Amino acid sequence: MSTTPENPRDCEDAEMEEVEGARNFEVDGETYDLFMGRYSNLLADRFADAAGVRAGQTALDVGCGPGALTRALVERLGAASVAACDPSPTFVNACAGRYPDVELQLGRAEALPFDDGRFDQVLAQLVLHFVSDPLQAAGELVRVARPGGTIGACVWDFDDGMEMLRRFWDAALAVDPDAPDEARTMRFGRSGELLDLLDQAGLQDTRETTLSVSSTYRDFDELWAGLCAGVGPAGSYCQSLPPPARDRLERRLHAELGAPTGSFALDAVARCAFGRTDST
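This note's numbering puts the first residue of the sequence shown at 14, with every later residue one more than the last.
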């Protein structure tokens, strides 16, 4: 059962150091889903399968957000075998509302609020590029895993693979050369970077792969509404622009996408790495 307060909204009063991973994500679950959940929900199933999640295991979802990977783990393992945490009180509330029987904690990847050696699977989906200290976070993933447990992490390929974000930042750079393109500012979106992090954390049998998903938009307005909701670096940048600049960005992005007049689909590729803790 969830260990969040009886009223999940009370989490918002919890004392917590502001961390990089919680910034730009103080939105409700539905708003997140409009922007990114449409991809992360699909990615979660592929990620859980690639990790080898199977009945009888226990699993921790690190940086759970409103619960995309939590849902995939619950479907495979049952709520009693799943725990989750996130540094955003709003996301903890959202996940608790959707999965009330999952153990949920407010916490950051660099200081996981769980005991040593507890989980068979410790998974971080779309998280490690936001943490303040990735190596410390990787060490925490190892700490809470059982001997011989699986550690897994995935992030979007910001260079070319995550089409929605790539097209957005290409449009942003066209109207503002100083736009904070995530391909330049985010870590672990390139081949070998996540693998190197898991190797540095001392994991065995490390391996890397890619996972692909696609999302269909009703029209351009649906895509633009998600960006204007202020979720993550792209949404935060979009909201920061004065109306004339935002209008220029909207027109440029529409052109970048080929000026769609109806529905269209965008692909997304995540880079993914796994390793195993020492079995002794």
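C-beta: ideal position from N, C-alpha, C; glycine also.
Since we're looking at a predicted model, the values are computed, not measured.
In DSSP terms, what residue i is bridged to
i: arginine 220; result: Phe287
i: leucine 119; result: Asp99
i: tryptophan 169; result: Ala283
i: alanine 278; result: Thr229
i: alanine 158; result: Phe132
i: alanine 137; result: Val75, Ala166
Residue i versus residue j - alpha carbon distance
i: glutamate 245; j: proline 193; result: According to the sequence displayed, residue 245 carries glycine and not glutamate. If I take the Cα positions, the gap works out to 12 Å.
i: serine 253; j: valine 40; result: 16 Å
i: alanine 158; j: phenylalanine 104; result: 23 Å
i: glycine 161; j: proline 255; result: 52 Å
i: threonine 223; j: glutamate 176; result: 15 Å
i: proline 147; j: serine 227; result: 28 Å
i: cysteine 285; j: serine 94; result: 23 Å
i: alanine 72; j: valine 115; result: 11 Å
i: threonine 17; j: asparagine 106; result: At threonine 17, the pLDDT of 46 sits below 50, so the modelled position is not reliable; the number obtained from the coordinates is stated separately. Roughly 8 Å between the two C-alpha positions.
i: valine 282; j: asparagine 54; result: 13 Å
i: glycine 91; j: glycine 165; result: 20 Å
i: leucine 48; j: threonine 229; result: According to the sequence displayed, residue 48 carries phenylalanine and not leucine. Approximately 12 Å, taken between the alpha carbons.
i: threonine 290; j: arginine 111; result: 31 Å
i: cysteine 77; j: glutamine 138; result: 8 Å
i: glycine 12; j: glycine 248; result: The question about residue 12 has no answer, for the chain in this structure spans 14 to 293.
i: serine 276; j: arginine 231; result: 5 Å
i: proline 126; j: leucine 186; result: 40 Å
i: glutamate 221; j: glutamate 235; result: 33 Å
i: valine 75; j: glycine 215; result: 19 Å
i: leucine 240; j: arginine 84; result: 24 Å
i: glycine 243; j: phenylalanine 171; result: 19 Å
i: tryptophan 169; j: proline 257; result: 30 Å
i: valine 155; j: phenylalanine 287; result: 12 Å
i: alanine 150; j: arginine 179; result: 27 Å
i: phenylalanine 181; j: arginine 261; result: 12 Å
i: alanine 124; j: valine 140; result: 14 Å
i: aspartate 183; j: phenylalanine 233; result: 16 Å
i: arginine 59; j: glutamate 88; result: 13 Å
i: leucine 208; j: alanine 81; result: 23 Å
i: valine 167; j: alanine 63; result: First, the residue type needs correcting, since residue 167 is cysteine and not valine in the sequence shown. Those two C-alpha atoms are separated by around 11 Å.
i: glutamate 153; j: proline 113; result: 25 Å
i: tryptophan 12; j: alanine 57; result: The requested residue 12 is not part of the displayed model; the chain covers only 14 to 293.
i: leucine 136; j: aspartate 189; result: 36 Å
Residue environment, residue i, which counts as buried when at least 16 other CB atoms sit within 10 Å
i: arginine 51; result: buried
i: glutamate 43; result: exposed
i: threonine 293; result: exposed
i: arginine 67; result: exposed
i: leucine 279; result: buried
i: threonine 274; result: exposed
i: glycine 130; result: exposed
i: alanine 272; result: exposed
i: arginine 79; result: The identity of residue 79 in the sequence shown is proline, whereas the question assumes arginine. It is buried - the Cβ of proline 79 has at least 16 other Cβ atoms within 10 Å.
i: glycine 205; result: exposed
i: glycine 69; result: exposed
i: aspartate 128; result: exposed
i: aspartate 133; result: buried
i: arginine 264; result: exposed
i: aspartate 46; result: buried
i: alanine 35; result: Note that alanine 35 scores a pLDDT of 43, beneath 50, so its modelled location is shaky; the value from the coordinates is reported in the next line. Its Cβ being crowded by 16 or more others within 10 Å, alanine 35 is buried.
Proximity test, residue i beta-carbon vs the ligand FAD heavy atom, cut-off 7 Å
i: leucine 125; result: The ligand FAD is not part of the structure shown, which contains no ligands of any sort.
Exercise. Answer yes if the region 117-124 comes into contact with the region 95-102, meaning at least three C-beta pairs across the two stretches below 8 Å, and no otherwise.
Key: yes
Quiz item: Does the count of Cβ pairs from the region 257-271 and the region 197-212 closer than 8 Å reach three?
Solution: no
Practice problem: Note down, one range per segment and in chain order, each beta strand (DSSP E) of at least 3 residues found wholly within the region 59-99. | Solution: 72-75, 95-99
Practice problem: With a floor of 4 residues, list each alpha helix (DSSP H) that falls wholly inside the region 235-268, ordered by position along the chain. | Solution: 245-253
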